[in-house]
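Right, one structure below, let's go through it.
2 protein chains.
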Amino acid sequence: MAESNELLHGTLDTLILKTLAWGPRHGYAIARWIATVSDDALQIEEGSLYPALYRLERKGWIDAEWGLSESKRRVKLYRLTEDGEARLAVATAQWSRFTQAVDKVLLPG
Amino acid sequence: MAESNELLHGTLDTLILKTLAWGPRHGYAIARWIATVSDDALQIEEGSLYPALYRLERKGWIDAEWGLSESKRRVKLYRLTEDGEARLAVATAQWSRFTQAVDKVLLPG
DNA sequence: ACCGTATACCTAGATAATCAAGGTCTCGGG
DNA sequence: CCCGAGACCTTGATTATCTAGGTATACGGT
Numbered sequence: 001m002a003e004s005n006e007l008l009h010g011t012l013d014t015l016i017l018k019t020l021a022w023g024p025r026h027g028y029a030i031a032r033w034i035a036t037v038s039d040d041a042l043q044i045e046e047g048s049l050y051p052a053l054y055r056l057e058r059k060g061w062i063d064a065e066w067g068l069s070e071s072k073r074r075v076k077l078y079r080l081t082e083d084g085e086a087r088l089a090v091a092t093a094q095w096s097r098f099t100q101a102v103d104k105v106l107l108p109g
Numbered sequence: 110m111a112e113s114n115e116l117l118h119g120t121l122d123t124l125i126l127k128t129l130a131w132g133p134r135h136g137y138a139i140a141r142w143i144a145t146v147s148d149d150a151l152q153i154e155e156g157s158l159y160p161a162l163y164r165l166e167r168k169g170w171i172d173a174e175w176g177l178s179e180s181k182r183r184v185k186l187y188r189l190t191e192d193g194e195a196r197l198a199v200a201t202a203q204w205s206r207f208t209q210a211v212d213k214v215l216l217p218g
C-alpha cells in the first residue's frame, strides 16, 4: 500500500528491543505486537524482521532459544539481554533527541 | 564522531523541502540552516546533501538557478516548486504519523 | 604578496537497511 | 484431505547515507 518505508530505517531495531522488554517473544509475534500496538501503522516485513533479529543477536542485545508456542509449533524465542536493555535506553534517548531536532525544523517556528 | 546517522534516512528530503519553504537558498546554506535550527543536532554531510538536491530536482519538487551570493560567490539557488509544496505537506503528515506510531511502541504504555 | 580558512560545489565507492518475492514445514478446521 | 495461517528463512534489488576525496573563489591576517 504505502511506498516502501524509508522512515523505518534505524528504528526497527529499537522497536524490537522495546517489544522484548515486555518479555520474551518469538519473531513472528514481535512483528504482530508492533503492528497491534501501533494500530497497524507499522508493518514489519519478514524480510526485514529476521535479518534484524540476527543483527541484534550478533551484537549481543538479544539471545534466542528454540521452544514451543502454545499451539505447539516450534518457535525461536527471543529474550532481551542486559546489554540489550542498556542499548534500548541509549537508542530510545537517541530517537527522542532526533525527533525533537527534526520537529524544530519541520514545525512552524 | 557519532555513528552514521541511520535515523536521517528518508527525512532529509523533507527537511530540505521545509527549509526551502522559507524562501530560496543555495545548497550549502540549506545544510547550515538545518544545523542552526536544530541546535546542531542535525549535521547534513555534503555527500548526502547534493545527491538529495538532485533527487528532489529530478522529481520536480525543487528547481535550481545559478546566481550570486551576497559575498559574490557563484551559488546554485534552489526554490520550492508547487509540486514541492504539495509534497512537503504529504511528507510532513507522514512523518507525524510515523513518529506517533513509533512512540506508541516505545513509550511506557 | 602570500597563505590559511571558510565558502561553495561536485563525485565515486563503500556500507548497510529495507523490501519483494520466493521457499519450507506444521497445525488445525472444514 | 486439503487449504489457510502460523512460523521460519534467504537471495537479490533498491536506495540513502557517509567517507573521502576533488576543484575553485573570497577574505582576513601577516
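Which chain is which? The protein sequence lines are P and V, in order. Residues 1 to 109 (this note's numbering) make up the first sequence, in order. Residues 110 to 218 (this note's numbering) make up the second sequence, in order. Just so it is clear, CB atoms sit at the ideal spot from N, CA and C, and this is done for glycine as well. It should be emphasised that the depicted structure is a prediction, and the values quoted were computed from it without experimental measurement.
Can we say the stretch 71-86 of chain P touches the stretch 18-33 of chain P, given the rule of at least three CB pairs closer than 8 Å?
Yes, the stretch 71-86 of chain P touches the stretch 18-33 of chain P.
Could you work out which residue in V/L124, V/N114, V/I139 and V/L165 is closest to V/V184 when comparing CA atoms only?
V/I139
Measuring alpha carbon to alpha carbon, tell me which of V/A202, V/A210 and V/L215 ends up nearest P/L106.
V/A202
Residues from the stretch 140-169 of chain V in contact with chain P, defined by Cβ distance under 8 Å:
I143, V146, S147, D148, A150 and L151
Give me the Cβ distance between V/R196 and V/W170, rounded to the nearest whole Å; I'm assuming they're in contact under 8 Å.
5 Å
Closest by CA to V/A200, which one among V/T123, V/S147 and V/I143?
If we check each option's Cα against that of V/A200, V/T123 comes out closest.
Run through DSSP, which three-state label would V/G176 get?
strand
Rounded to whole angstroms, what's the CA-CA distance from P/L20 to P/R97? Just pull it up for me.
22 Å
Based on the DSSP secondary-structure assignment, which residues constitute the bridge partners of P/L77?
Paired residues: P/H26 and P/E65.
Straight-line CA distance for V/M110 to P/L49?
Bear in mind that the predicted position of V/M110 carries a pLDDT of just 33, short of 50, making it too unreliable to give a figure here.
Taking the continuous alpha helix (DSSP H) assigned at V/E154, which residues delimit it?
First-last for V/E154: undefined, no H or E at that position.
Quick one: is P/A89 buried, meaning 16 or more other Cβ sit within 10 Å of its Cβ, or exposed?
exposed
If I measure Cβ to Cβ from P/L53 and keep anything under 6 Å in the same chain, skipping five residues before and after, which residues do I get?
Hits under 6 Å: G27.
Show which residues of chain P have a CB atom less than 7 Å away from the CB atom of V/G119.
E6, L7 and H9
Closest Cβ-Cβ distance between V/R182 and chain P: below 9 Å?
no
Please report the straight-line C-alpha distance between P/R100 and P/K18, rounded to a whole angstrom.
The sequence as given places Gln at residue 100 of chain P; Arg does not occur at that position. For P/Q100 and P/K18, the distance between alpha carbons rounds to 20 Å.
On the criterion of 16 or more Cβ atoms from any shown chain inside 10 Å, does P/G84 qualify as buried, or is it exposed?
buried
Could you tell me the distance, in whole angstroms, from the CA atom of V/E155 to the CA atom of P/E70?
Approximately 52 Å between the Cα atoms of the pair.
Alpha-carbon to alpha-carbon, V/G119 and V/K168
15 Å
Does chain P have any CB closer than 9 Å to the CB of V/A198?
Answer no: the Cβ-Cβ gap between V/A198 and chain P never drops below 9 Å.
Sort V/I143, V/A150 and V/W142 by Cα distance to P/W95 and report the nearest one.
P/W95 has its Cα closest to that of V/A150, out of V/I143, V/A150 and V/W142.
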